[in-house]
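Numbering-wise (my numbering), the sequence shown opens with residue 71 and increments by one. Worksheet: the structure to be examined is printed underneath.
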Amino acid sequence: MDFLPYLTLAIGAFVGVLMGLTGAGGGILSVPLLVFLLHLPMSEAGPIALTAITVSAFAGAVIGFKAKALRYKAAMLMAIFGLVLSPAGLWLAQKVPNTPLLILFSLVLMYVSIRMLLQVARNLSGKPLPQIKSPPCQLDSSIGKLIWTVPCARALMFSGATAGFLSGLLGVGGGFILVPALNKFTDLPMKSIVATSLGVLAIVSAGGAFISLASGTLNTAIAIPFACGSLLGLLLGKVLERKISGPRIQQIFAVFTLIIAVSLMIKAINH
């Protein structure tokens, strides 16, 4: 009996639960788990992860849209530039050897995990974030929409392009770029930041997954059960979020991510 589809479904569900509990950044663990547990090369794991992120992020974006938290104009602008750069990342991922990609991914994971640990420590200590200056994208509270300016559009375009390139190159959704960027460049509440980020992720990841499918680099036998498991896990994570969410969950996730990053680096060096 072939247990691969069930193992793939279980891994996807685990990633989905993490996404539901921790927000947009949970999908970053898709690639390392596929590399470790299914022994896939980075170039194959990336498109599979993008497929799962597409399905899960779309579900989250729909929930955000219904709650009127999704800033769809900002999401579309960022997604357009993300879609432009995503094919370049996908192309480069097929050209670069597996070991350098593993090292780069482990460094990205280390950055994300350490940044999250510092943020959680600050939240638990009750220290407010220092306010240096007003962000370029201001929310008009009277109509609930962003006030568009050239600096605002430029900041969002650059953020979307960066997330798109890394999405194609490493198979990550880019939530670890988009959420901090929206937090820095806008004064949107966190609910809107996460919903808008998920909207961008859904579009950019879908573009990358479609290109991979069209070029024959997407393993659908693994991608389909992994995406289904991710969606089920996301919905379960959203239910669990009401009961066990909080800074401690972020802290556990960050430590787990750091362990994965170090393990990935060791695997790359010894490969």
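C-beta atoms are modelled at their ideal positions from N, C-alpha and C, and glycine is treated no differently.
Inset, instruction - Please state whether DSSP places LEU110 in a helix, a strand or coil. - result: The residue given as residue 110 occupies position 40 in the sequence shown. Collapsing the DSSP output to three states places LEU110 in coil.
Inset, instruction - Could you pull the start and end residues of the beta strand (DSSP E) that LEU216 belongs to? - result: Residue numbering aside, residue 216 sits at position 146 when the sequence shown is read from its first letter. Segment 215-217, the beta strand (DSSP E) holding LEU216.
Legend entry - Inter-residue spacing [alpha-carbon to alpha-carbon] between GLY214 and ASP257: Counting from one through the sequence shown, the residue named residue 214 turns up at place 144. Counting from one through the sequence shown, the residue named residue 257 turns up at place 187. GLY214 and ASP257: Cα-Cα distance of roughly 11 Å.
Legend entry - Counterpart residues of CYS222 in DSSP-defined beta bridges: For the purposes of this step, residue 222 is identified with residue 152 of the sequence shown, where counting begins at 1. According to DSSP, which records beta bridges pairwise, CYS222 is partnered with nothing at all.
Inset, instruction - Could you pull out every residue in the same chain whose Cβ sits closer than 6 Å to the Cβ of GLY299, ignoring the five residues on either side in sequence? - result: In the sequence shown, residue 299 corresponds to position 229, counting from 1. Apart from the 5 residues on each side of it in sequence, GLY299 sits with its Cβ closer than 6 Å to the Cβ of LEU79, GLY82, ALA83 in its chain, given in chain order.
Inset, instruction - Rounded to whole angstroms, what's the CA-CA distance from ALA145 to LEU162? Just pull it up for me. - result: Residue 145 sits at position 75 when you count from the first residue of the sequence shown. Residue 162 sits at position 92 when you count from the first residue of the sequence shown. Per the coordinates, the alpha-carbon of ALA145 lies some 25 Å from the alpha-carbon of LEU162.
Inset, instruction - Would you mind reading off the limits of the beta strand (DSSP E) that contains LEU209? - result: To locate residue 209, count along the sequence shown from 1; it is residue 139. For LEU209, the enclosing beta strand (DSSP E) starts and ends at 208-210.
Inset, instruction - Keeping to the same chain, check which residues put their C-beta closer than 7 Å to that of ARG141; ignore five residues upstream and five downstream. - result: The sequence position of residue 141 within the sequence shown is 71, counting from 1. Contacts found: LEU216, LEU258, SER262, THR266.
Inset, instruction - Could you work out which residue in PRO205, LEU310, VAL242 is closest to ARG224 when comparing CA atoms only? - result: Your numbering for residue 224 matches position 154 in the sequence shown. Cα-wise, what sits closest to ARG224 is PRO205.
Legend entry - Proximity to SER229 [Cα-Cα], best of THR124, GLY238, GLY244, LEU239: On the sequence shown, residue 229 is found 159 positions in, with the first residue counted as 1. Out of THR124, GLY238, GLY244, LEU239, GLY244 has the C-alpha closest to the C-alpha of SER229.
Inset, instruction - Would you kindly check if the distance between the Cβ of GLY234 and the Cβ of VAL87 is under 9 Å? - result: Sequence index remark: in the sequence shown, residue 87 carries index 17 (1-based). Sequence index remark: in the sequence shown, residue 234 carries index 164 (1-based). In this structure, VAL87 sits away from GLY234, with a CB-CB distance that is not shorter than 9 Å.
Legend entry - Chain-order list of residues whose beta-carbon lies under 6 Å from that of MET227 (same chain, five-residue window excluded): The residue you call residue 227 lines up with position 157 of the sequence shown. The residues PHE151, in chain order, have a CB closer than 6 Å to that of MET227 in the same chain once the five nearest residues on each side in sequence are set aside.
Legend entry - alpha helix (DSSP H) segment containing PRO250, residue limits: Locating residue 250 in the sequence shown gives position 180, counting from the first residue. Per DSSP, PRO250 belongs to the alpha helix (DSSP H) from 245-255.
Legend entry - Limits of the alpha helix (DSSP H) - the one that SER59 falls within: As displayed, the chain neither begins before 71 nor continues past 341, which places residue 59 out of reach and without an answer.
Legend entry - Coarse secondary structure for PRO205, derived from DSSP in three states: Along the sequence shown, one-based indexing puts residue 205 at 135. Reduced to three states, the DSSP call for PRO205 is coil.
Legend entry - THR327 burial status per 10 Å Cβ neighbour count (16 or more: buried): What you label residue 327 is simply residue 257 of the sequence shown in a count that begins at 1. Counting of Cβ neighbours within 10 angstroms places THR327 among the buried residues, the total reaching 16 or more.
Legend entry - For ASN342, the first and last residue of its enclosing alpha helix (DSSP H): There is no way to answer for residue 342, as the model of the chain reaches only from 71 to 341.
Legend entry - Member of ILE98, VAL85, LEU74, ILE123 whose CA lies at the smallest distance from the CA of LEU268: Here the question's residue 268 lines up with position 198 in the sequence shown. Scanning ILE98, VAL85, LEU74, ILE123 for the CA closest to the CA of LEU268 turns up ILE123.
Legend entry - PHE235 in three-state terms, based on DSSP: Indexing the sequence shown from 1 puts residue 235 at position 165. Three-state result, PHE235: helix.
Inset, instruction - Note down, in chain order, each residue of its chain lying with its Cβ closer than 7 Å to the Cβ of MET335, except the 5 sequence neighbours on either side. - result: The sequence position of residue 335 within the sequence shown is 265, counting from 1. ILE173, SER176, listed in sequence order.
Legend entry - Candidates TYR76, LEU77, PRO102, PHE73, of which the one nearest VAL332 by Cα: For the purposes of this step, residue 332 is taken as residue 262 along the sequence shown, with counting starting at 1. The alpha carbon of VAL332 has as its nearest neighbour, out of TYR76, LEU77, PRO102, PHE73, the alpha carbon of PRO102.
Inset, instruction - In the DSSP assignment, find the alpha helix (DSSP H) that holds GLY241 and state where it starts and stops. - result: Stepping through the sequence shown from its first residue, residue 241 is reached at position 171. Per DSSP, GLY241 belongs to no alpha helix (DSSP H) and is neither H nor E.
Legend entry - Simplified DSSP assignment, three categories, for PHE73: Reading the sequence shown from its first residue, position 3 is the one you call residue 73. It is coil, neither helix nor strand.
Inset, instruction - Grab the span of the alpha helix (DSSP H) containing LEU288 for me, first residue to last. - result: Reading the sequence shown from its first residue, position 218 is the one you call residue 288. Run containing LEU288: none; DSSP gives neither H nor E here.
Inset, instruction - Enumerate in chain order the residues of its own chain whose CB-to-CB distance from VAL125 is below 7 Å, with the five nearest sequence positions on each side excluded. - result: For the purposes of this step, residue 125 is taken as the residue at position 55 of the sequence shown. Excluding sequence neighbours, VAL125 sits near ALA297, SER300, LEU301.
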